[in-house]
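For reference, the structure discussed in these notes is given below.
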C-alpha cells in the first residue's frame, strides 16, 4: 500500500514540477480530461489488483504501477493547471490601470521598524524597488532614494516598498484579498506589518523586464501571488489603524540594544534582512553562507532540536529529583508538544516566511507519523513531504528556495545512502557530507544566482556550528529580555542584554573572518548556464553517485557535454545584435565570437544601474564575449548612459580597456570603423560637434555587406532631415565629381546611405521622430522600440506605430517581447525574443501596450527573413 501511494505521489510531484516550464496552461477541456482520466486510471489500478487476486493468476504488478503513476501525473498536472488559472483569473480592471484608485489594504510585508536609524535596504529589496521604478517610469523616479525602514517618529523623506493585501478597489469589493506591491515616498510616519490603511494609489498589472540573465521580477511576483504593482500617491493618515505584532515589538526592543552587529541579529532572530547592506550580501554570497543568515527550514530544525534535547533533559532532571522513574512519565508526549510549540513560536517570529512555514508543515507531519507509530522509509517520507509542499504551496515551484531546500534534502539522503556515513567518525562524516552537499548544490545555485562559492565548503564547516550554538541562546535571551522588560524586572533584563553582548562579540569575530575570506579572488566562481545544461549536469551527478554499471561513465560524459559546450564562443561567422529589455532606456550589445561592442549602457534609477552592473556583464560572460572593444554612448541622457560609471567599474575590474565613443568624442559623420569583418559607419553628428543631446545623438550603421542595422539613438525629426539631406548632398557631390570606378562609387555611397534591414526606433518611438520620409529612406524590415511597460510618455506613439505598420514593417517592443536577439548570417537573419521564445512561460505573459491595441500589428510566427536587394 505504501509503495503504491509513494508511486502516485511521486508521479504527482514530477508532473506538477514540470509546470514551471509550461509555455501555456492546458485548455480547460484538457484539464477536465486529465482530472477524469486520472480518477479513472486510479480506479482501474484498484480493479486490476482485485481481479488478479481473486483469479489466482500471476500478478502483473507493472501494469498496476503504470496505471498508478500515470494517474498521479494526470492529477498533478490538473492541480497546477487549476492553480494557474486561479492565479490568472483576476486581472486588474482596465479602468483601474494607471488611474487614481482608492484601496483598503493591510500591510503584509515590508513594513518599517522603529529605531532603525542608520541602515540601508536589503540588496534584494533594492533590486525589486529599482526594477519597479524601471518599469513604472514615474515622473519623479530620479528623486526616489532607497532608505532605511524607520519608525513612526522618523521625519526625513524615505522611500518604502510594501507588499499589501487589498480587499477593496474604489467601490469594488474583492471576494478574495489580492496581494500587490506599493512603493511610497514618506516624510513622516510609515506603515508597519499588520497595519490597516486607506490610500489613493496608481496601479498596473504585475510585470517586469525580462533578459536572459539577471533577476526575473515577473516570476518573483507570480511566485508571491502578487497581481499588481504601483505606488501610493496619498496615504489617508486618519484611516491608518496600527497593529503592532509581537515580532515588531521584539524588533524594536532589539534595535534599542547597544549591539554592533544589530543588522545580523535582526536577520537571524526576526527574519528582517532589510538592514543588510550590499557589502553584507556580497560577503555571504562569496562565502556561500547566505542560507545561514536567511531564516529557513535549517534554522527551524535548530530550534526544534534544541527544544527536543532541552525538554528531554529537563524531564530527566525533574524525574531524578522527584525520585520517580522515567518509565512513569510519558516523555514522548511532553517532548513532541514542546518541540512543535517552540517551532510554531519561531515561525511567528520569522514573519511567517514561506521556507520556515514549509519546514514547519513537514515537521508536524513527521511528529504525526511518530505519534501514530508509522515507521516509513526515508524515501517514502520524503515523497509524502514533497507532495504536501506542492499541494499547499504550489506557486513556490517558481522560487529558488523550493529547489534549494528540496535539493539539499535529496542530496543529504542520497549521499548518506550511497556512502553510509553512519559508520564513519563524526568529524569525517561531517566533512564528507558538507563536501558532497556543496558539490551537488552547485548547479542549482549557479542556475538561480550565477554564483557558486569555492570556499563555501570550509566556511560552512566553521560558520554553521557557531550559528547552531548561538541561535537558540540568542533567541532565548531576546525573548527573556523582551518579556521581562515589560514586567519591570531590570536584573533579568541586564543579564539577557549581557548574553546578547557576548554573542555580539562572537558574531563580530565570525563576520570579520567571512569578510576577509570574501575578499579573496578565488572565493567564488561566476557562471551563467542555461537551464538545460544544468539539468543535464544534475542528472550526470545523480548517475555518478549510483553504484557501478555498464556504460555508467559514458552516460555521465555525454550528459556533461552541454556544460562543456557552453564555454565555447559562438561561431565567428555569425554576428548578433542583442537588444536588452532595459525598461524605459536603451542598452545594446553587438557580439561576434569573443568580441563585443556595447552601444548604450541603460538607465540609472535611485543612483543604481543594475543593467550595467549586473545584467550586461553576466550576459557577456554567458555568451563568452567578454572582450569589449568599444563602448558607444549615443548621448549622455541617463536612460542611455546612466550605466556608464557602473559598467566602467566592471571593465576596470576585468582589466579591459575599450575605446569610448560619444557624440562629442569620436562619433562624427563619415567616420568608418572595420571591426571583426563588420563595418561601423557613423552618420551623425557632423564633425566638430560639441553638443551632447537628443538631437546630436550618435547614429551608427552596422553592415556586413549583406545585412545592416541602424542605431539612431534619440534623434528627432530635424536630425532625421539633416541626415537625409547630407546623404543626398553627398550623393550629388559624388556624381558631379565623375567618379569613374563603379567600386569606388559603391564604396562612397555605402558611407552615407541610411538603408537598413533592422532599425532601432529613434527616441523610443516618440512622435517627434520616425517621419514618413525617414521610414521610406531607411526602408526597414524590422523596427524595435526600446521602451518600458506603461511608460508615462506612452512610447511608442500610436501615430508612429501606425506609420511603420503602413509600410509593412514588423514591429517589436521590448516591454512586450523582452530581450530581443538578432542573429545574422549570409543566408538571412533570425529575430528571437525572450518572452516569445527562450522564456515563453504561462506565468510570464506578454502585454501589448494598451494605447496600441487598436492598431496592433500581428507578428508572424516565423521570424526568418531572407536577404533582399533594394533599389532606391
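Residue numbers (this note's numbering): 2 to 873. We put the beta carbon where it would ideally sit given N, CA and C, even for glycine. Keep in mind it's a predicted model, so treat the numbers as computed, not measured.
Residue from the options whose Cα sits closest to the Cα of residue i
i           : options            : result
residue 242 : 106, 334, 229, 444 : 106
residue 369 : 485, 353, 386      : 386
residue 408 : 290, 539, 484      : 539
residue 649 : 612, 849, 668      : 612
residue 258 : 660, 478, 393, 590 : 478
residue 782 : 799, 797, 163, 757 : 757
residue 621 : 636, 589, 610      : 589
residue 559 : 548, 541, 574, 571 : 541
residue 1   : 601, 659, 636      : In the structure displayed, the chain extends from 2 to 873; residue 1 sits before or after that span and is not available.
residue 619 : 530, 549, 656      : 530
residue 701 : 689, 675, 161      : 675
residue 470 : 668, 401, 307      : 307
residue 193 : 209, 178, 113, 250 : 113
residue 111 : 185, 690, 811      : 185
residue 767 : 789, 313, 643, 778 : 789
residue 704 : 458, 571, 755, 430 : 755
residue 256 : 667, 25, 220, 498  : 498
residue 88  : 223, 162, 37       : 223
residue 169 : 187, 200, 729      : 200
residue 562 : 260, 534, 554      : 534
residue 520 : 573, 64, 455       : 455
residue 656 : 667, 250, 165, 627 : 627
Nearest-angstrom beta carbon gap, residue j and residue i [assumed within contact, 8 Å]
i           : j           : result
residue 195 : residue 108 : 6 Å
residue 451 : residue 214 : 7 Å
residue 679 : residue 724 : Contact doesn't hold; Cβ gap of about 21 Å is too wide.
residue 399 : residue 70  : Not confirmed; about 25 Å, so no contact.
residue 464 : residue 290 : 5 Å
residue 269 : residue 472 : 6 Å
residue 337 : residue 372 : 7 Å
residue 632 : residue 661 : 5 Å
residue 315 : residue 340 : Their Cβ separation, rounded to whole angstroms, is 13 Å, which puts residue 315 and residue 340 out of contact at 8 Å.
residue 710 : residue 578 : 5 Å
residue 839 : residue 575 : Not really, about 17 Å apart at Cβ, beyond 8 Å.
residue 805 : residue 776 : 6 Å
residue 624 : residue 592 : 6 Å
residue 208 : residue 219 : 6 Å
residue 7   : residue 384 : 5 Å
residue 285 : residue 294 : 6 Å
residue 550 : residue 25  : That pair is no contact at about 39 Å.
residue 721 : residue 770 : 7 Å
residue 663 : residue 714 : Contact flag wrong, Cβ pair sits at about 11 Å.
residue 682 : residue 645 : Not really, about 23 Å apart at Cβ, beyond 8 Å.
residue 759 : residue 853 : 20 Å between Cβ atoms; not a contact.
Residue(s) in a DSSP beta bridge with residue i
i           : result
residue 676 : 679
residue 685 : 700
residue 576 : 825
residue 206 : 229
residue 198 : 106
residue 184 : 162, 232
residue 315 : Paired residues: none, contrary to the question.
residue 303 : DSSP output for residue 303 lists no bridge partner at all.
residue 803 : Answer is none; residue 803 lacks a bridge partner.
residue 709 : 704
residue 760 : 711, 784
Residue-level contact to chain C via CB, residue i, 9 Å cutoff
i          : result
residue 19 : No chain C is part of this structure, which consists of one protein chain only.
For this session: Quick one: which unbroken beta strand (DSSP E) runs of 3-plus residues sit fully inside the region 592 to 671? Chain order, please.
Result: 596 to 602, 628 to 633, 660 to 662, all fully within the region 592 to 671.
Exercise. If you pair each beta-carbon of the region 28 to 35 with each one of the region 93 to 101, do three or more pairs fall below 8 Å?
Worked result: The region 28 to 35, when compared against the region 93 to 101, does not touch it at the 8 Å Cβ threshold.
Problem set entry | Segment contact flag, the region 264 to 281 with the region 221 to 239, C-beta cutoff 8 Å, min 3 pairs | No, they do not touch.
Exercise. Pairing CB atoms from the region 815 to 835 with CB atoms from the region 576 to 583, are three or more of them under 8 Å?
Worked result: Contact holds: three or more Cβ-Cβ distances are below 8 Å.
For this session: Give a yes or no on contact between the region 232 to 240 and the region 409 to 420, applying the rule of three or more CB pairs nearer than 8 Å.
Result: As far as the Cβ criterion goes, the region 232 to 240 does not touch the region 409 to 420, which means the pair count is below three.
Exercise. Just checking, does the region 251 to 266 make contact with the region 499 to 512 on the three C-beta pairs under 8 Å criterion?
Worked result: Cβ pair count under 8 Å is three or more, so yes.
For this session: Take every Cβ of the region 11 to 19, pair it with every Cβ of the region 72 to 82, and state whether three or more of those distances are shorter than 8 Å.
Result: The region 11 to 19 vs the region 72 to 82: in contact.
Problem set entry | Whole runs of the alpha helix (DSSP H) within the region 413 to 477, excluding any shorter than 4 residues | As summarised for the region 413 to 477, the continuous alpha helix (DSSP H) elements at least 4 residues long and confined to that stretch are 427 to 450, given in chain order.
Problem set entry | Sufficient close CB pairs (3 or more, under 8 Å) joining the region 435 to 453 to the region 513 to 530 | Contact check between the region 435 to 453 and the region 513 to 530: three or more CB pairs, one atom from each, fall below 8 Å, which counts as touching.
Exercise. Mind pulling the alpha helix (DSSP H) runs of 4 or more residues that sit fully within the region 482 to 525?
Worked result: Listed in chain order, they are 491 to 519.
Problem set entry | 3-residue-minimum beta strand (DSSP E) runs that sit fully inside the region 337 to 406, ordered along the chain | Those beta strand (DSSP E) runs which fall completely within the region 337 to 406 and span 3+ residues do not exist here.
For this session: List in chain order: all unbroken beta strand (DSSP E) runs of 3+ residues lying wholly within the region 212 to 300.
Result: Complete beta strand (DSSP E) runs here, min 3: 227 to 236.
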